[in-house]
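S.K.:
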Amino acid sequence: MGPQRAAILNKELEVYSLHDLLYYFPYKYVDRSRIYSIRELDGSMPYIQLKGEILSFEAAGEGRQRRLIAHFSDGTGVVDLVWFQGIKYLLGKYKVHQEYIVFGRPTVFNGRINIAHPDIDLVTEVQMSPRGLQPYYNTTEKMKRVFLSSHALEKMMATVVQQLQEPLPETLSAGILAAHHLMPLTEALINIHFPGNADLLRKAQYRLKFEELFYVQLNILRYARDRQRKYRGYVFQKIGEIFHTFYAQNLPFELTGAQKRVLKEIRQDMGSGRQMNRLLQGDVGSGKTLVALMSMLIALDNDYQVCMMAPTEILANQHYETVCELLYGMNVRVELLTGSVKGKKREAILQGLLTGDVQILIGTHAVIEDTVNFASLGLVVIDEQHRFGVAQRARLWTKNVQPPHVLVMTATPIPRTLAMTLYGDLDVSVIDELPPGRKPIATLHQFDNRRESLYQSVRKQIAEGRQVYIVYPLIKESEKIDLKNLEEGYLHVCEAFPDCKVCKVHGKMKPAEKEAQMQLFVSGEAQIMVATTVIEVGVNVPNASVMIIENAERFGLSQLHQLRGRVGRGADQSYCILVTGYKLAEDTRKRLEIMVRTNDGFEIAEADLKLRGPGDLEGTQQSGIAFDLKIADIARDGQLLQYVREVAQQLVDADPEGVKPENEVIWRQLKTLRKTRVNWAAIS
Ligand code: ADP
Ligand code: MG
Numbered sequence: 009m010g011p012q013r014a015a016i017l018n019k020e021l022e023v024y025s026l027h028d029l030l031y032y033f034p035y036k037y038v039d040r041s042r043i044y045s046i047r048e049l050d051g052s053m054p055y056i057q058l059k060g061e062i063l064s065f066e067a068a069g070e071g072r073q074r075r076l077i078a079h080f081s082d083g084t085g086v087v088d089l090v091w092f093q094g095i096k097y098l099l100g101k102y103k104v105h106q107e108y109i110v111f112g113r114p115t116v117f118n119g120r121i122n123i124a125h126p127d128i129d130l131v132t133e134v135q136m137s138p139r140g141l142q143p144y145y146n147t148t149e150k151m152k153r154v155f156l157s158s159h160a161l162e163k164m165m166a167t168v169v170q171q172l173q174e175p176l177p178e179t180l181s182a183g184i185l186a187a188h189h190l191m192p193l194t195e196a197l198i199n200i201h202f203p204g205n206a207d208l209l210r211k212a213q214y215r216l217k218f219e220e221l222f223y224v225q226l227n228i229l230r231y232a233r234d235r236q237r238k239y240r241g242y243v244f245q246k247i248g249e250i251f252h253t254f255y256a257q258n259l260p261f262e263l264t265g266a267q268k269r270v271l272k273e274i275r276q277d278m279g280s281g282r283q284m285n286r287l288l289q290g291d292v293g294s295g296k297t298l299v300a301l302m303s304m305l306i307a308l309d310n311d312y313q314v315c316m317m318a319p320t321e322i323l324a325n326q327h328y329e330t331v332c333e334l335l336y337g338m339n340v341r342v343e344l345l346t347g348s349v350k351g352k353k354r355e356a357i358l359q360g361l362l363t364g365d366v367q368i369l370i371g372t373h374a375v376i377e378d379t380v381n382f383a384s385l386g387l388v389v390i391d392e393q394h395r396f397g398v399a400q401r402a403r404l405w406t407k408n409v410q411p412p413h414v415l416v417m418t419a420t421p422i423p424r425t426l427a428m429t430l431y432g433d434l435d436v437s438v439i440d441e442l443p444p445g446r447k448p449i450a451t452l453h454q455f456d457n458r459r460e461s462l463y464q465s466v467r468k469q470i471a472e473g474r475q476v477y478i479v480y481p482l483i484k485e486s487e488k489i490d491l492k493n494l495e496e497g498y499l500h501v502c503e504a505f506p507d508c509k510v511c512k513v514h515g516k517m518k519p520a521e522k523e524a525q526m527q528l529f530v531s532g533e534a535q536i537m538v539a540t541t542v543i544e545v546g547v548n549v550p551n552a553s554v555m556i557i558e559n560a561e562r563f564g565l566s567q568l569h570q571l572r573g574r575v576g577r578g579a580d581q582s583y584c585i586l587v588t589g590y591k592l593a594e595d596t597r598k599r600l601e602i603m604v605r606t607n608d609g610f611e612i613a614e615a616d617l618k619l620r621g622p623g624d625l626e627g628t629q630q631s632g633i634a635f636d637l638k639i640a641d642i643a644r645d646g647q648l649l650q651y652v653r654e655v656a657q658q659l660v661d662a663d664p665e666g667v668k669p670e671n672e673v674i675w676r677q678l679k680t681l682r683k684t685r686v687n688w689a690a691i692s
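If you count by this note's numbering, then the sequence shown holds residues 9 to 692, one letter each, in order.
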């Protein structure tokens, strides 16, 4: 091809070679080999093709439901073609009693067969493909300008495939190909572009997905093994006086079964001689802090120091207070280090860390600064880890001769499949049980024109002595408008609740001011807190029983779940009210439905993954992994991912040194991939 088109391919698709081109896969296939008749359709078919004519048009529905229906017939029956957009344009474009080829996916609605937003072409414009399934490639505007359409790519691809006289070098070992019945590479590449039939396509897709996920997993597992070999872990052998005293005298309640189990897992790790690298997942309010504290006490018993890092100053403060309270009367020195600890106080803490007098340091990212050094740091606890990038975590590793044990906690449950890909070398513990006596939070969705009746119920709660959060969204691009919303909301709330004290917190406040406002709420002096999402993580006010989220449509699922977790911490029935406008997009309605239906953080995380895809999930962007999987889909291929992880694990176990001749292909391929994909090395 000419230099201009080549440059566009470089830039738009990162395609530089025939090899790159071959790995640019179609996003869909159209079965042009066959025309179905309407009589044979049902609701369970994939994309199909019909040939016939439009009998009549009909506009139906109001508002969001407004749609155009074309009654389409091929003589064997009638289907409804449905569009929700561009009605005027469509009426101008398509004519009744013209012969068309319609392409789309039939579904059944109200007993009738529908095809929503079908592709429609004049019969004269469609060429029947002799090969059967015709590939469709994603293209960009810039590509289209130089006539690199899907069809042009298809032609190029056909030329490349024709030139594939000799098979390409295989990228999986003969053993793995045979054991898992995988199609050879070259055959898979040919069939992914030009499938002989649907079955061959399925086999080609399976082979390529298998390979892609296999190398992701193998890569992670190899790093994990290398790390284990490189770093010894400090051995915390004994459970000593500090732990026992706490258990016997200070522990305010019985641990839940899940807390006990997780604590045991952590204890085993820290005694094993391996460096612990563990992710502790537990829904909001499940009692992670206590587990962290007790793990910290084990470190102290073995004469090591510990450090706990939280993403915000408020949260660090709260942890500090909780820990001091829980350790009351015990002879343990705990200090708080944040950006606002300065001068003599700061000097004293830094000195105490060097001598080992300070046993527990709690703080914000101030604790990873170079000036902070320990006598013998043995354990690091990181709360709400998704707020910290890999680089920040890595800096904690260098605070002792060997890296300390690391426990990261998160209340944003990460679906298992994603955790495996993101944090393949982290062990995962889950607290899947709430402390006894908690009532599930009742979640309701209300439209914003019903605010008065909502306030009425809020007044009742306040009269019973409860406290209430009202949250407004704050999103960077529109910060100014949002702050205005918050201020207006605040005034409005003050007016609506003249007998209450209302406090206000947002991210643009000075820390001291913010702290003072928070304190009003924590102490119970203020009954209502109007805030932005700064209260999202960690804050613990058990007496608060109502969470009202304004403009709930602007929050993501996991954020809504986090916010909801601020209530339901006491013994009283709690409520979460999602307030939205009347017009809602399909996705938004789904999010709200899920929130109303379930309190289960894992179910929500799974749903979030399905709705948004992994690239958008919190924590994945800064995690360092490139989510540029070409063919596998973490949301949909979870089972396969789990399966190949085992295959990869077995391989690493059987060939730990990476030297067996039968695996040579594999180790070579892994090396090549590591060279081309820089980001892979950054995982955890
Ligand atoms: P999170 O997992 O969200 O960090 P916290 O550690 O803040 O949860 O715990 C939430 C609340 O539950 C705290 O007030 C804590 O004291 C309480 N709690 C923790 N463990 C138990 C338990 N085993 N029994 C009763 N209450 C508990
Ligand atoms: Mg917490």
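Note that the Cβ used here is the ideal one computed from N, Cα and C, for glycine as well.
Compute the Euclidean distance between the alpha carbons of Met284 and Arg562, then round it to the nearest angstrom.
M.R.: Position 276 of the sequence shown, counting from 1, holds the residue named residue 284. Position 554 of the sequence shown, counting from 1, holds the residue named residue 562. Distance between the alpha carbons of Met284 and Arg562: 38 Å.
S.K.: Would the stretch 293-300 and the stretch 469-478 be scored as touching if the rule is three or more Cβ pairs under 8 Å?
M.R.: Between the stretch 293-300 and the stretch 469-478, the count of Cβ pairs shorter than 8 Å is below three; the stretches do not touch.
S.K.: Could you round the C-beta distance between Val169 and His201 to whole angstroms and report it? I think they count as a contact, below 8 Å.
M.R.: Position 161 of the sequence shown, counted from the start, is the residue given in the question as residue 169. Position 193 of the sequence shown, counted from the start, is the residue given in the question as residue 201. That belief holds up - the Cβ atoms of Val169 and His201 are roughly 6 Å apart, short of 8 Å.
S.K.: Among the residues of its own chain, which have a CB less than 6 Å from the CB of Ile121, if the five just before and after it don't count?
M.R.: The count along the sequence shown starts at 1 and reaches residue 121 at position 113. These residues qualify, in order along the chain: Leu49, Val87 and Pro114.
S.K.: Rounded to a whole number of angstroms, what is the C-alpha to C-alpha distance between Tyr223 and Thr540?
M.R.: Counting from 1 along the sequence shown, the entry for residue 223 is found at position 215. Counting from 1 along the sequence shown, the entry for residue 540 is found at position 532. Using only the alpha carbons, I get a separation of about 42 Å.
S.K.: Looking at the structure shown, is Val686 part of a helix, part of a strand, or coil, going by DSSP?
M.R.: As a first step, residue 686 must be located in the sequence shown, where it is residue number 678. Low confidence applies here, because Val686 scores a pLDDT of 41, under 50, leaving its location unreliable; read the following figure in that light. Note: Val686 maps to helix in three-state DSSP.
S.K.: If you run the structure through DSSP and keep just helix, strand and coil, what is Ser294?
M.R.: Translated into the one-based positions of the sequence shown, residue 294 becomes position 286. Note: Ser294 maps to coil in three-state DSSP.
S.K.: If we count the other Cβ atoms within 10 Å of its Cβ and call it buried at 16 or more, is Lys96 buried or exposed?
M.R.: On the sequence shown, position 88 is the one that residue 96 refers to. By the neighbour-count rule (16 or more Cβ atoms within 10 Å), Lys96 is not buried but exposed.
S.K.: State buried or exposed for Asn118, treating a residue as buried only when at least 16 other CB atoms are found within 10 Å of its CB.
M.R.: Here residue 118 refers to the residue found at position 110 of the sequence shown. Exposed: under 16 other Cβ atoms inside 10 Å.
S.K.: Spatial neighbours of Ala656 within its chain, please: C-beta separation below 7 Å, excluding the five flanking residues on both sides.
M.R.: As a position in the sequence shown, residue 656 is number 648, starting the count at 1. The answer, listed in chain order, is Phe222, Gln225, Leu226 and Leu229.
S.K.: Going along the chain, which residues of its own chain have a beta-carbon closer than 6 Å to the beta-carbon of Val438, five neighbours each way excluded?
M.R.: Within the sequence shown, the letter at position 430 stands for residue 438. Gln289, listed in sequence order.
S.K.: Using a Cβ-Cβ cutoff of less than 8 Å, which residues in the same chain neighbour Ile128 once the five nearest sequence positions on both sides are dropped?
M.R.: As a first step, residue 128 must be located in the sequence shown, where it is residue number 120. Contacts found: Leu89, Tyr102, Tyr108, Ile109, Val110 and Phe111.
S.K.: Rounded to the nearest angstrom, how far is the Cβ of Leu568 from that of Ala579, given a contact under 8 Å?
M.R.: Along the sequence shown, one-based indexing puts residue 568 at 560. Along the sequence shown, one-based indexing puts residue 579 at 571. Rounded, the Cβ-Cβ distance is 24 Å, inconsistent with contact.
S.K.: So Tyr145 and Tyr242 are in contact, right, with Cβ under 8 Å, and what is the actual spacing, rounded?
M.R.: As a working note, residue 145 is residue 137 in the sequence shown. As a working note, residue 242 is residue 234 in the sequence shown. Not confirmed; about 53 Å, so no contact.
S.K.: Are Leu29 and Met165 closer than 9 Å when you measure CB to CB?
M.R.: Translated into positions along the sequence shown, residue 29 becomes position 21. Translated into positions along the sequence shown, residue 165 becomes position 157. Contact flag set, yes.
S.K.: Determine, using beta-carbon pairs with one atom in the stretch 42-61 and one in the stretch 76-84, whether at least three such pairs fall under 8 Å.
M.R.: yes
S.K.: Would the beta-carbon of Asp440 be found less than 8 Å away from any heavy atom of the ligand MG?
M.R.: Here residue 440 is taken as the residue at index 432 of the sequence shown, counted from 1. Because no heavy atom of the ligand MG lies under 8 Å away, the Cβ of Asp440 does not count as near it: no.
S.K.: Among Glu149, Gln650 and Ala593, whose alpha-carbon lies nearest the alpha-carbon of Gly71?
M.R.: Residue numbering aside, residue 71 sits at position 63 when the sequence shown is read from its first letter. Minimum Cα distance to Gly71 is reached at Ala593.
S.K.: With a 10 Å radius around its C-beta and 16 neighbouring C-beta atoms as the bar for buried, classify Val667 as buried or exposed.
M.R.: Looking up residue 667 in the sequence shown gives position 659. Burial is judged here by how many other beta carbons sit within 10 angstroms of a residue's own beta carbon; Val667 has fewer than 16 and is exposed.
S.K.: Take His252 as the anchor and find which of Asp309, Arg653, Ala212 and Glu219 has the nearest alpha-carbon.
M.R.: In the sequence shown, the residue the question calls residue 252 occupies position 244. His252 has its Cα closest to that of Asp309, out of Asp309, Arg653, Ala212 and Glu219.
S.K.: To which residues of the same chain is Asn551 closer than 7 Å at the C-beta, ignoring the five residues directly before and after it?
M.R.: Position 543 of the sequence shown, counting from 1, holds the residue named residue 551. Here the set comprises Arg474, Gln475, Gly532 and Gly578.
S.K.: Tell me the rounded alpha-carbon separation between Leu176 and Leu434.
M.R.: Looking up residue 176 in the sequence shown gives position 168. Looking up residue 434 in the sequence shown gives position 426. The alpha-carbon atoms of Leu176 and Leu434 are separated by roughly 36 Å.
S.K.: Cβ of Ala419 versus every heavy atom of the ligand ADP: is any distance shorter than 8 Å?
M.R.: Here residue 419 corresponds to residue number 411 of the sequence shown, with the count starting at 1. Look at Ala419: its beta carbon is less than 8 Å from one of the heavy atoms in the ligand ADP.
S.K.: Grouping DSSP H, G and I as helix and E and B as strand, with all else coil, what is Phe80?
M.R.: Position 72 of the sequence shown holds residue 80. The answer is strand: DSSP assigns Phe80 an E or B state.
S.K.: So Gln570 and Val331 are in contact, right, with Cβ under 8 Å, and what is the actual spacing, rounded?
M.R.: Start at 1 with the first residue of the sequence shown, and residue 570 comes out as number 562. Start at 1 with the first residue of the sequence shown, and residue 331 comes out as number 323. With a beta-carbon spacing of about 22 Å, Gln570 and Val331 fall beyond the 8 Å limit used to define contacts.
S.K.: I'd like to confirm something about Arg644: is its beta-carbon nearer than 8 Å to some heavy atom of the ligand ADP, or not?
M.R.: Taking the sequence shown and counting its residues from 1, the one referred to as residue 644 is at position 636. It does not: the Cβ of Arg644 is nowhere closer than 8 Å to a heavy atom of the ligand ADP.
S.K.: If I measure Cβ to Cβ from Met526 and keep anything under 7 Å in the same chain, skipping five residues before and after, which residues do I get?
M.R.: Residue numbering aside, residue 526 sits at position 518 when the sequence shown is read from its first letter. Result list for Met526: Ile322 and Val513, in chain order.
S.K.: Check His581 in the structure and name its three-state DSSP category.
M.R.: Taking the first residue of the sequence shown as position 1, residue 581 is located at position 573. With the sequence shown as reference, residue 581 is identified as Gln, and His is not the correct amino acid for it. Residue state, collapsed to three classes: coil.
S.K.: Identify every residue that forms a DSSP beta bridge with Ile56.
M.R.: Walking along the sequence shown from the start, residue 56 turns up at place 48. Gly112.
S.K.: Determine the contact status of Ile370 and Met316, defining contact as a CB-CB distance below 9 Å.
M.R.: Mapped onto the sequence shown, residue 370 falls at position 362. Mapped onto the sequence shown, residue 316 falls at position 308. In this structure, Met316 lies closer than 9 Å to Ile370 by Cβ.
S.K.: Grouping DSSP H, G and I as helix and E and B as strand, with all else coil, what is Ile702?
M.R.: The structure shown does not extend to residue 702, since the chain is modelled only from 9 to 692, so the question has no answer here.
S.K.: Which residue comes first and which comes last in the beta strand (DSSP E) that contains Cys315?
M.R.: Residue numbering aside, residue 315 sits at position 307 when the sequence shown is read from its first letter. For Cys315, the enclosing beta strand (DSSP E) begins and ends at Gln313 to Met317.
S.K.: May I ask you to list the residues that DSSP assigns as paired with Pro143?
M.R.: Here residue 143 corresponds to residue number 135 of the sequence shown, with the count starting at 1. Looking at the DSSP assignment, Pro143 forms a beta bridge with Tyr37.
S.K.: Compute every distance between the C-beta of Lys296 and the non-hydrogen atoms of the ligand ADP, then say whether any falls below 8 Å.
M.R.: Here residue 296 is taken as the residue at index 288 of the sequence shown, counted from 1. Yes.
S.K.: Who does Asn285 pair with in a DSSP beta bridge?
M.R.: Your numbering for residue 285 matches position 277 in the sequence shown. DSSP, once it has assigned bridges, lists Val414 as partnering Asn285.
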